[in-house]
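*Asks:* Numbering (my numbering), first residue to last: 39 to 403.
Even for Gly, the Cβ is constructed at its ideal location relative to N, Cα and C.
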Amino acid sequence: MSRIYNFCAGPAMLPAAVMQKAQQELLDWNGLGVSVMEISHRSKEFIALAEQAEVNLRQLMNIPNHYHVLFMHGGGRSQFSNVVNNFLGEHGRALYLVSGQWSKSAVEEAQKLAGEAQIDVLNIVTKLDGLNQVTLPDLHSIKKDYRYVHYCSNETVDGIEIFDELDSPWPIVADLSSTIMSREIDVSRYGLIYAGAQKNIGPSGLSIVIVRDDMLKLASLPQSSVMDYRIAAENGSMFNTPPTFAWYLAAEVFRWLKAQGGVEAMAKINQQKAQLLYACIDDNSFYCNGVAKQNRSQMNVTFQLADDSLDSTFLAEAERAGLVALKGHRIVGGMRASLYNAMPIEGVQALVDFMNAFAAKHKAN
Ligand SMILES: *Cc1c(COP(=O)(O)O)cnc(C)c1O
């Protein structure tokens, strides 16, 4: 099989070493003679796997002891509703910061469940010289009582990332689906962090939730037991049968990350990868990116061709060169290269070489 580089935004590529290990032990895990997906989640072997996964995740992200780590069903979007149901109660209010498509979707779900009166919305993206940029608001000047403020630190669709730390008088709830473990963050600044697994952690369907224990005391709305953070925390994420195979793969990815030197080491490489690609975009008038430098996403690099009638030719030639899934999200168009942890720098170099050659060829015509 020739080497293919997969730039899909999600489900995204996983480390080849992890996939190979999973393949090798697919039929016989841990010497049990059966697959990890065929055993009870309550067996001592699976419990050991689950515990080790949590230990490794805590180490990788430096998660303080007063935070619970939950492995839940439902990917990223399920947390849009879980957050509302678990924290807002009948009268609580929340503030939502909007920086792109995903934070907008979170607002729509929150308003659907809690009603518009309980959800305040603040757009934090403005255009300056044609470029999208984020300005974090001074939340301390807002004299309101919110249960939490919700934001998304990396907008996967729009290619906008917020690197500045949000400062808030209320607990911060953050959607880190596409940026978790791509760089270091200070978990202790957050009330709750969630992430769908399929960008930087493992297969889709699994959702990682990191929640400070005092958040679990907030009044909740009646809700499904499977989506209740308290029940998940009390039952070690095993109130019902969890997505065990996804949990196993996530555990293998955590192990792989540790072997790479952890989040700090990944962050250095991720920075290099993004710089390499943005430099190519900036050096070629043939390409452009519409995000202000300080908010350019390290994980999802969006770009346009100067002549969009060449889009389909670009995608077809890229695919022939083994560079796949570069089409931008249908809402924003153009191109998008997702550079999650599993994407090696060689893949980005191959993309840059291709883009330079493509630009040279089509400029001359
Ligand atoms: C992918 C993504 C989601 C949605 O994840 P699903 O698992 O498809 O529900 C939510 N937020 C962000 C930032 C994402 O990148």
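1) By the three-class DSSP mapping on this structure, what secondary structure does Ile210 have?
2) Please determine whether the Cβ atom of Lys399 lies at a distance below 7 Å from any heavy atom of ligand 3.
3) Go ahead and pull the three-state DSSP assignment for Thr340.
4) Identify whether Lys237 lies in helix, strand or coil by the three-state DSSP scheme.
5) To the nearest whole angstrom, what separates the beta carbons of Gly138 and Asp183, a pair I think is in contact under 8 Å?
6) Considering only the beta carbon of each residue, do Met57 and Met381 sit closer than 8 Å?
7) Please classify His188 as buried or exposed, where buried requires at least 16 other C-beta atoms within 10 Å of its C-beta.
8) Starting from Val163 and walking both ways along the alpha helix (DSSP H), at which residues does that stretch end?
9) If you draw a straight line from the C-alpha of Leu204 to the C-alpha of Gln97, how long is it?
10) Could you tell me the boundaries of the beta strand (DSSP E) in which Tyr134 lies?
11) Given this structure, state the Cα-to-Cα distance separating Pro49 from Ala257, to the nearest angstrom.
12) Give every residue of the same chain whose Cβ lies closer than 6 Å to the Cβ of Ser216, excluding the five residues on either side of it in the sequence, and list them in chain order.
13) Measure the C-alpha to C-alpha separation of His106 and Ser73 and round it to an integer number of angstroms.
14) Assign Ser78 to buried or exposed, taking buried as 16 or more other Cβ atoms, counted over all protein chains shown, within 10 Å of its Cβ.
15) Taking the beta strand (DSSP E) that Ala430 falls in, what are its first and last residues?
16) With the cut-off set at 8 Å, would you say Glu199 and Glu302 are in Cβ contact?
17) With a threshold of 7 Å (Cβ to nearest heavy atom), would Trp285 be considered close to ligand 1?
18) For Pro175, collect the residues of the same chain with a Cβ closer than 7 Å to its Cβ; drop the 5 residues on either side in sequence, then sort them by chain order.
19) Are there 16 or more other CB atoms within 10 angstroms of the CB of Asn278, so buried, or fewer, so exposed?
20) Among Val249, Val121, Leu95, which residue has its Cα nearest to the Cα of Met219?
21) Determine the closest residue to Asn123 out of Leu65, Met253, Leu214, with distance taken between C-alpha atoms.
22) Quick one: using the 10 Å Cβ neighbour count with 16 as the cut-off for buried, is Asn100 buried or exposed?
23) Can you check DSSP and say which residues form a bridge with Asn103?
24) What are the start and end residues of each continuous alpha helix (DSSP H) run of 4 or more residues lying completely inside the segment 300-354, in chain order?
25) Shorter than 7 Å, the distance from the beta carbon of Ser376 to the closest heavy atom of ligand 1, or not?
26) Distance, Cα to Cα, His400 vs Trp294?
27) Report the residue from Met304, Glu290, Leu348 whose alpha carbon sits nearest the alpha carbon of Ala55.
28) Express the C-alpha separation of Tyr325 and Ala398 in angstroms, rounding to a whole number.
29) Of the choices Leu287, Arg334, Glu89, whose alpha-carbon is the least far from that of Gln309?
30) Leaving aside the five residues before and after Met393 along the sequence, list all residues of the same chain whose C-beta is less than 6 Å from its C-beta, in chain order.
31) With a threshold of 16 other CB atoms inside 10 Å of the CB of Met304, please say whether the residue is buried or exposed.
32) So for Asn170, helix, strand or coil by DSSP?
33) For Gln261, collect the residues of the same chain with a Cβ closer than 6 Å to its Cβ; drop the 5 residues on either side in sequence, then sort them by chain order.
34) Rounded to whole angstroms, what's the CA-CA distance from Val362 to Phe352? Just pull it up for me.
35) Just how far apart, CA to CA, sit Tyr186 and Glu89?
36) Skipping 5 residues on each side, what residues in its chain have a beta carbon closer than 6 Å to that of Leu135?
*Replies:* Short version:
1) strand
2) Ligand 3 is absent from the structure shown, which contains only ligand 1.
3) strand
4) coil
5) No, Gly138 and Asp183 are not in contact; Cβ-Cβ is about 27 Å, not under 8 Å.
6) no
7) buried
8) From DSSP, Val163 is part of no alpha helix (DSSP H) but of the beta strand (DSSP E) over 163-166.
9) 23 Å
10) 132-136
11) 34 Å
12) Asn192, Thr194, Lys237, Met337
13) 28 Å
14) exposed
15) In the structure as shown, the chain starts at 39 and stops at 403, and residue 430 therefore has no counterpart that could be examined.
16) no
17) no
18) Leu160, Ile162
19) exposed
20) Leu95
21) Met253
22) exposed
23) Answer is none; Asn103 lacks a bridge partner.
24) 300-321
25) no
26) 41 Å
27) Glu290
28) 11 Å
29) Arg334
30) Cys318
31) buried
32) strand
33) Asn123
34) 11 Å
35) 29 Å
36) Leu160, Ile162, Tyr189
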